[in-house]
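Just so we're aligned, residue 203 is where the sequence shown starts under the numbering used here, counting upward by one. Note sheet for the following structure.
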Amino acid sequence: MFQIDVMSRTPPYEQIIEQFEQFVMMDILQPGDKMISVRQLSVQLSVNPNTIQKAYSEMDLRGYITSVPGKGCFVTPDAKDIVRREHRDKMKEIKEIVRSLILAGVTKEELIELINEEYEGREAYDQS
């Protein structure tokens, strides 16, 4: 399920967190689902266990997962709401990016087309 792009500039632990967020938002991971163990994911991805632990610790800190001693880590009941809230907070960043794109000469129509393409891609996924 999780994959690491070794050519990416994004650190592996952040890639894991981003993928987790996507899996939660796409209902691939549900509240109460047991996460793969740090050791298993480390072997599966050929990544240092400390890297996986860093991702899990960050997700625990954000409230995405909870650790049950002796049982493992589980997706929290409100993980989807937390991810939504965090992503809505990115609207300020988008506003700044749009301002810079406008200054660079990108038209409103080009931006709308880009947004429509992304929503259409999501709708195609939802229908499959």
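Ideal placement from N, C-alpha and C gives every residue a C-beta, glycine not left out.
query: Exposure label - alanine 281; buried when at least 16 CB within 10 Å; result: buried
query: Within 8 Å, strictly: CB atoms of valine 226 and valine 277; result: yes
query: Straight-line gap, leucine 243 to leucine 231 (C-alpha atoms, nearest Å); result: 15 Å
query: Endpoints, the alpha helix (DSSP H) within which phenylalanine 225 is located; result: 214-227
query: In DSSP terms, what phenylalanine 276 is bridged to; result: Lys236 and Thr268
query: Assumed close pair proline 214, valine 249 - CB separation to whole angstroms, cut-off 8 Å; result: 5 Å
query: Element boundaries [alpha helix (DSSP H), containing lysine 297]; result: 293-305
query: Between the CA atoms of valine 285 and methionine 293 - distance to the nearest angstrom; result: 14 Å
query: Methionine 228 vs isoleucine 267 beta-carbon contact at 8 Å; result: no
query: Phenylalanine 222 versus aspartate 262: straight-line alpha-carbon distance, rounded; result: 12 Å
query: Rounded Cβ spacing between valine 240 and glutamine 224 (contact assumed at less than 8 Å); result: Their Cβ separation, rounded to whole angstroms, is 20 Å, which puts valine 240 and glutamine 224 out of contact at 8 Å.
query: Collapsed DSSP secondary structure at methionine 209 in the structure displayed; result: coil
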